[in-house]
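Chains as they are written, first to last, in the working numbering: chain A, 10 to 399; chain B, 2 to 341.
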């Protein structure tokens with residue numbers, strides 16, 4: 010019977026065929042529009058005599074960049090400048106994410122605190138920061154920090170540290186020949202600690218006896234590395250900052266632009282993360298805590314082994330969004346002279362070369378890949394943390 | 002952020018418009034819509050600046066107004082688009098504006114690779130440095146180790162780097178997205194030095210809370226010929242913008258100003274002057290304009306000297322001397338081809 014109906018139905022009345030047809034039509038339309046736009050772009054650029062291509066990346070850039078973690082001078086290429094900017098963006102995003110998470114967890118827990126004052130302070134923090142535009146906060150931190158600090162000639166001096174409007178200057182460590190020994194010693198301590206943790210876990214599963222492996226390994230790493238440092242004859246000298254005519258010279262400097270962007274990004278995103286953490290913890294029913302208590306567990310262990318693992322399942326997905334937001338919001342740093350991707354590539358490079366399509370394309374590619382990698386990592390972590398059903 | 006969105010949108014506009022750029026005649030477009038869309042700065046006193054009522058004035062604004070007078074016989078048929086340094090070229094390329102008149106330096110790379118044409122120079126400028134007087138610096142060569150604030154997306158950034166490299170001096174660059182914030186950073190003490198074109202320094206100094214506490218160093222470290230820019234490929238439009246300025250310079254040379262132009266047109270017997278003001282011949286026709294185009298420019302906007310004195314001259318807040326921006330007969334470099 011059914012066999013007969015299908016053979017009798019016309020081609021267009023078959024649901025499967027029709028669905029396929031629509032898909033094909035849609036795909037063709039999308040490809041055609043894409044091709045049309047691309048072709049137009051090419052033709053227009055040619056008509057207007059605008060040069061295209063990525064050859065400019067090999068040309069000398071000629072402009073300076075305030076913060077560069079890798080070697081960069083004005084004689085470097087646009088490609089090198091791009092790399093410097095990319096590293097600056099990744100640096101601020103990475104440190105920002107770590108700080109925002111710490112602030113968020115502390116503030117989230119604080120808002121749940123039994124202590125009236127602590128809980129209210131956390132509420133005020135969260136409600137203020139997440140309701141003021143981020144760009145405004147950046148300007149505030151930048152100009153507020155600048156206004157509050159003294160001129161370089163009246164620097165606040167603390168031993169070998171200088172603090173003024175130009176930043177925080179500290180001694181810059183210069184690693185001598187023997188420093189390889191210290192690095193090797195540090196790695197050896199890390200390996201030993203991992204081995205200890207594995208051993209402690211196995212022993213606990215076997216015998217039920219508990220060993221303070223985390224604290225012990227912290228001790229091994231810290232004291233082991235310090236011991237190696239002195240055994241190798243303290244192979245580090247310091248380049249000390251000193252006052253000069255205009256600025257403090259030498260040493261290592263933390264510039265106000267970096268500090269302002271970092272503080273703005275991490276406190277802003279931290280306020281959102283605090284709410285996510287609070288929601289996650291409240292999602293674990295109170296009965297679980299009561300059950301743990303009735304088994305005689307201490308509160309800290311209850312939190313760590315029972316509440317937090319379950320809360321994390323709720324926390325991680327929205328947390329991923331916040332991390333993505335932070336990475337993308339770092340582009341606002343361009344407004345206060347932090348030399349990240351948008352400032353260096355879409356600002357200076359675009360203006361000097363005139364390659365609007367290429368530079369904007371590069372930036373979009375970078376933000377796309379950066380966000381996708383964060384997303385990928387967080388999805389992996391989420392899967393690892395999700396409830397394993399047996 | 003806002004400027005980035007603007008940039009992406011205008012890029013998309015380039016992608017989406019169907020070959021408007023080169024072939025189309027801007028003059029016809031302008032006549033059809035009845036006004037000129039003029040790209041100006043977001044606020045440089047004396048060059049292009051809006052007052053509290055939203056009325057624009059300045060040398061760069063007058064360049065657009067003069068073109069409007071030449072085409073429409075009315076200097077006020079201009080609409081303004083304020084642009085940041087990094088948005089300006091995209092706005093012109095995409096056809097968003099008809100003339101870019103925004104203290105823009107004429108350089109080889111910009112002229113050759115951006116699909117743009119520089120018409121002529123309406124202000125000869127050069128980059129300089131501004132410092133606080135209490136810093137005790139007398140000349141630019143003493144700036145070794147200084148922190149320097151500047152605006153992003155300008156020739157200034159490169160000149161600054163070249164200057165310090167050439168003299169093997171150290172410096173810390175603080176490059177801010179917008180001029181206003183760069184100036185705030187300088188004012189708050191983040192930088193020892195603020196650098197941009199000298200005209201801009203004078204203009205910006207007038208915005209500071211205590212202008213007399215700051216001084217402009219004597220050195221000029223670059224050549225910055227500033228002038229209006231149009232799209233590449235529309236020769237008629239380029240000629241109109243170019244010759245509008247030439248008319249103003251010639252008028253000053255001949256002693257014709259907005260005050261006496263009507264009298265001169267009626268009374269003068271000098272054939273050169275009669276041709277310029279349209280009492281004789283049909284000079285405007287070759288550009289697609291009426292024969293009294295030059296008369297309208299002078300009557301509505303004035304000659305070059307009037308424009309200079311009104312906007313940036315010694316009696317204004319900016320207070321710049323004529324210097325090189327004087328007629329060649331007066332020791333300057335302004336030399337316009339004859340209207341003949």
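Backbone N, C-alpha and C fix where the C-beta goes; we use that ideal spot for every residue, glycine too.
> Which of helix, strand or coil does DSSP assign to residue 192 of chain B?
Replying inline: If DSSP states are grouped into helix, strand and coil, residue 192 of chain B belongs with coil.
>> Here's the rule: buried if 16 or more other CB atoms are within 10 angstroms of the residue's CB, otherwise exposed. What is residue 111 of chain B?
In response: By the neighbour-count criterion, in which a residue is buried when 16 or more other Cβ atoms sit within 10 angstroms of its Cβ, residue 111 of chain B is buried.
>> At a cut-off of 6 Å, would you count residue 190 of chain B as near the ligand GTP, judging by its Cβ distance to the nearest heavy atom?
In response: Among the ligands in the structure shown, none appear at all, so the ligand GTP cannot be discussed.
> Any Cβ of chain B within less than 7 Å of the Cβ of residue 357 of chain A?
Replying inline: It does: the Cβ of residue 357 of chain A has a partner Cβ on chain B nearer than 7 Å.
> Using Cβ-Cβ distances below 7 Å, what residues of the region 65–97 of chain B are close to chain A?
Replying inline: Taking 7 Å as the Cβ-Cβ cut-off against chain A, the residues of the region 65–97 of chain B that qualify are 86, 87, 90, 91, 94.
> Quick one: is residue 189 of chain B near chain A, going by C-beta distance under 7 Å?
Replying inline: Any Cβ of chain A closer than 7 Å to the Cβ of residue 189 of chain B would place that residue at the interface, and such an atom is present.
> Hey, residue 297 of chain B and residue 71 of chain B are a contact pair by Cβ (cut 8 Å); roughly how many whole angstroms apart?
Replying inline: Between residue 297 of chain B and residue 71 of chain B the beta-carbon gap is near 6 Å, inside 8 Å, which marks them as a contact.
> Which same chain residues, not among the five before or five after residue 184 of chain A, have their C-beta less than 8 Å away from its C-beta?
Replying inline: Around residue 184 of chain A: 244, 245.
> Skipping 5 residues on each side, what residues in its chain have a beta carbon closer than 7 Å to that of residue 249 of chain A?
Replying inline: Here the set comprises 169, 180, 259, 260.
> beta strand (DSSP E) containing residue 215 of chain B: first to last residue?
Replying inline: Its beta strand (DSSP E) spans residues 215–217.
> The beta strand (DSSP E) spanning residue 172 of chain B covers which residue range?
Replying inline: Taken as a continuous stretch (DSSP letters only), the beta strand (DSSP E) holding residue 172 of chain B covers 172–177.
>> DSSP three-state label for residue 266 of chain B, please.
In response: In the structure shown, residue 266 of chain B sits in a helix (DSSP, three-state: H, G or I).
>> So, with DSSP's three-state summary, where would you put residue 57 of chain B?
In response: Here residue 57 of chain B sits in strand by DSSP.
> Which chain A residues are close to residue 277 of chain B, counting only those with a beta carbon under 9 Å from its beta carbon?
Replying inline: Going along chain A, no residue has its Cβ under 9 Å from residue 277 of chain B, so there is no contact; the nearest lies around 34 Å.
>> Taking 8 Å as the limit between beta carbons, can you name the residues of its chain near residue 329 of chain A, skipping five residues before and five after?
In response: Within the same chain, residue 329 of chain A has close Cβ partners 383, 384, 387, 388, 391.
> When DSSP builds the beta bridges, which residues end up paired with residue 117 of chain B?
Replying inline: Partner residues in the beta bridge of residue 117 of chain B, as assigned by DSSP, are B/232.
> Does residue 174 of chain B come within less than 7 Å of chain A when only Cβ atoms are used?
Replying inline: Interface flag for residue 174 of chain B against chain A is set, since a Cβ pair is found closer than 7 Å.
> Using a C-beta to C-beta distance shorter than 7 Å, which residues of chain B count as neighbours of residue 174 of chain A?
Replying inline: The contacting residues are 190, 191.
> With a cut-off of 8 Å, do at least 3 Cβ pairs link the region 199–209 of chain B to the region 43–54 of chain B?
Replying inline: Judged by Cβ distances under 8 Å, the region 199–209 of chain B makes contact with the region 43–54 of chain B, as three or more pairs qualify.
> Relative to the alpha-carbon of residue 96 of chain B, which residue among A/54, A/318, A/278 has its alpha-carbon at the smallest distance?
Replying inline: Closest in alpha carbon position to residue 96 of chain B, among A/54, A/318, A/278, is A/54.
> If you follow the beta strand (DSSP E) that residue 267 of chain A is part of, which residue opens it and which one closes it?
Replying inline: Element bounds for residue 267 of chain A: not the beta strand (DSSP E) but the alpha helix (DSSP H), 265–291.
> Around the Cβ of residue 22 of chain A, are there at least 16 other Cβ atoms within 10 angstroms (buried) or fewer (exposed)?
Replying inline: Taking every protein chain shown into account, the CB of residue 22 of chain A has fewer than 16 other CB atoms within 10 angstroms, so this residue is exposed.
> According to a CB-to-CB cut-off of less than 9 Å, which residues of the region 102–125 of chain B neighbour chain A?
Replying inline: Result list: 110, 111, 113, 114, 115, 116, 117.
> Which residue comes first and which comes last in the alpha helix (DSSP H) that contains residue 56 of chain A?
Replying inline: Here the alpha helix (DSSP H) through residue 56 of chain A covers 24–56.
> At a CB-CB cut-off below 9 Å, which residues of chain A make contact with residue 147 of chain B?
Replying inline: Residues of chain A with a Cβ closer than 9 Å to the Cβ of residue 147 of chain B are, in chain order, 254, 255, 256.
>> I want to verify the contact list: residues of chain B whose CB lies under 9 Å from the CB of residue 363 of chain A, in sequence order.
In response: Per Cβ cutoff of 9 Å: 90, 91, 94, 110, 111, 114, 115, 116, 117.
> Alpha carbon to alpha carbon, what distance is there between residue 269 of chain A and residue 324 of chain B?
Replying inline: Each residue's Cα considered, the two are about 42 Å apart.
> So, is the C-beta of residue 290 of chain B closer than 7 Å to a C-beta in chain A?
Replying inline: It does not: the Cβ of residue 290 of chain B has no partner Cβ on chain A nearer than 7 Å.
> What's the C-alpha gap between residue 316 of chain B and residue 69 of chain B?
Replying inline: So the alpha carbons of these two residues sit roughly 27 Å apart.
> So the alpha helix (DSSP H) residue 323 of chain B belongs to, where does it begin and stop?
Replying inline: Counting along the chain, residue 323 of chain B falls outside any alpha helix (DSSP H), and DSSP gives it neither H nor E.
> What residue does the alpha helix (DSSP H) around residue 141 of chain B start on, and which one ends it?
Replying inline: Taken as a continuous stretch (DSSP letters only), residue 141 of chain B belongs to no alpha helix (DSSP H), as it is neither H nor E.
>> Considering just the uninterrupted stretch of the alpha helix (DSSP H) at residue 176 of chain A, what are its terminal residues?
In response: Note, residue 176 of chain A: premise wrong, no alpha helix (DSSP H); beta strand (DSSP E) at 176–179.
> According to DSSP, is residue 239 of chain A helix, strand or coil?
Replying inline: If DSSP states are grouped into helix, strand and coil, residue 239 of chain A belongs with the helices.
>> Classify residue 35 of chain A: buried if its beta carbon has 16 or more other beta carbons within 10 angstroms, exposed otherwise.
In response: Answer is exposed; the Cβ neighbour count stays below 16.
> Under the three-state reduction of DSSP, which class applies to residue 206 of chain A: helix, strand or coil?
Replying inline: For residue 206 of chain A, the secondary structure class from DSSP, reduced to helix, strand or coil, is helix.
> CB residue 108 of chain B to CB residue 228 of chain B, shorter than 7 Å?
Replying inline: Taking a C-beta distance under 7 Å as the contact criterion, residue 108 of chain B and residue 228 of chain B do not qualify as a contact pair.
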